[in-house]
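Trainee: Mapping of the sequence shown onto UniProt numbering: residues 1 to 198, in sequence order. Quick one: this structure, given as structure tokens, is what I'll be asking you about.
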Amino acid sequence: MGNPEAIDDGIAQVRNEAMPEVQQIQGCVGLSMLVDRTTGLSITTSAWESVEAMHASGDQVTPVRERVAQLMGGSPRVEEWEIVHLHRDHRSADGACVRVTWAQVAWTDVDRLIDVYKLTALPALEELPGFCSASLFVDRATGRSVSSVTFDSVDAMRRGSEAQTEIRARTIQETHAELLDVQEFELALAHLRVPELV
Numbered sequence: 001m002g003n004p005e006a007i008d009d010g011i012a013q014v015r016n017e018a019m020p021e022v023q024q025i026q027g028c029v030g031l032s033m034l035v036d037r038t039t040g041l042s043i044t045t046s047a048w049e050s051v052e053a054m055h056a057s058g059d060q061v062t063p064v065r066e067r068v069a070q071l072m073g074g075s076p077r078v079e080e081w082e083i084v085h086l087h088r089d090h091r092s093a094d095g096a097c098v099r100v101t102w103a104q105v106a107w108t109d110v111d112r113l114i115d116v117y118k119l120t121a122l123p124a125l126e127e128l129p130g131f132c133s134a135s136l137f138v139d140r141a142t143g144r145s146v147s148s149v150t151f152d153s154v155d156a157m158r159r160g161s162e163a164q165t166e167i168r169a170r171t172i173q174e175t176h177a178e179l180l181d182v183q184e185f186e187l188a189l190a191h192l193r194v195p196e197l198v
């Protein structure tokens, strides 16, 4: 969480300095950045070939992360996630935005959540107007999950809001999950080389 007035400076810092530096680290498979210009909240995600590569990069990534956070007037909070599903209908372009949903299930129900997402939620999401891509991340130890759905534009995302609410409600019900939060972001940077995961 940072200063909303520093969002553009933060995007430029990540695009021009942080991203090239991080992408040179062994095992890095890309970086993305989501921003909320109203609240100042931003999420910068680095993706890695393996958990070993991610942990090995820590000493190099930490100062990069801290410089960006300082510029944006905030302090970084670091979370680690397993990418369990990633599907792209097409690549995002300027103007794309993302709706992010955080949920909690019992750690014993994580595999069920993944199955319901792949078999039920994702096919329904693909039918929404302007659907671009979707991904699901989990923390198996805690049962927490985060799903991101990217749309071509704010208008497309808003047109599909009611349908996505219904999809989300069915998924929560079928997996006995607790809905933690839903937020909308501008997709500021998308340079992930993560392959399609099915």
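The beta carbon of each residue, even a glycine, is placed where N, CA and C say it ideally should be.
Checking 8 Å against the spacing of the C-beta atoms, do S42 and M72 come in under that value?
Mentor: In this structure, S42 lies near M72, with their beta-carbon atoms less than 8 Å apart.
Trainee: So, is T39 buried or exposed, given that buried needs 16 or more other C-beta atoms within 10 angstroms?
Mentor: Answer is exposed; the Cβ neighbour count stays below 16.
Trainee: In this structure, how does DSSP classify S161 when only helix, strand and coil are distinguished?
Mentor: helix
Trainee: Report the residue from T108, R65 and H85 whose alpha carbon sits nearest the alpha carbon of V78.
Mentor: R65
Trainee: What are the complete alpha helix (DSSP H) segments, minimum 4 residues, inside the segment 104-137?
Mentor: 110-116 and 122-126
Trainee: Have a look at E126, G143 and K118 and flag the residue whose alpha-carbon is nearest the alpha-carbon of Q104.
Mentor: G143
Trainee: So for M33, helix, strand or coil by DSSP?
Mentor: If DSSP states are grouped into helix, strand and coil, M33 belongs with the strands.
Trainee: Can you tell me the Cα-Cα spacing of D152 and R159, whole angstroms?
Mentor: 11 Å
Trainee: Take H87 and list the residues in its own chain whose beta-carbon comes closer than 7 Å to its own, dropping the five residues that flank it on each side.
Mentor: L122, S133, A134 and E196
Trainee: Could you work out which residue in D115, S57, T108 and A156 is closest to Q26 when comparing CA atoms only?
Mentor: S57
Trainee: Measure from the alpha carbon of W48 to the alpha carbon of each residue in I83, M1 and P63, then state which is nearest.
Mentor: I83
Trainee: For I83, list the residues DSSP reports as bridge partners.
Mentor: Bridge partners of I83: F137.
Trainee: Are the CB atoms of A93 and G130 within a distance shorter than 8 Å?
Mentor: No, they are not a contact pair.
Trainee: Sort out for me which residues DSSP pairs T150 with in a bridge.
Mentor: V98 and S133
Trainee: Check each candidate in V22, A69 and P20 and name the one with the smallest Cα separation from P4.
Mentor: A69
Trainee: How would you label Q173, buried or exposed, when you count the other beta carbons within 10 angstroms and need 16 or more for buried?
Mentor: exposed
Trainee: So does the segment 106-120 actually touch the segment 165-184, counting three or more Cβ pairs closer than 8 Å?
Mentor: yes
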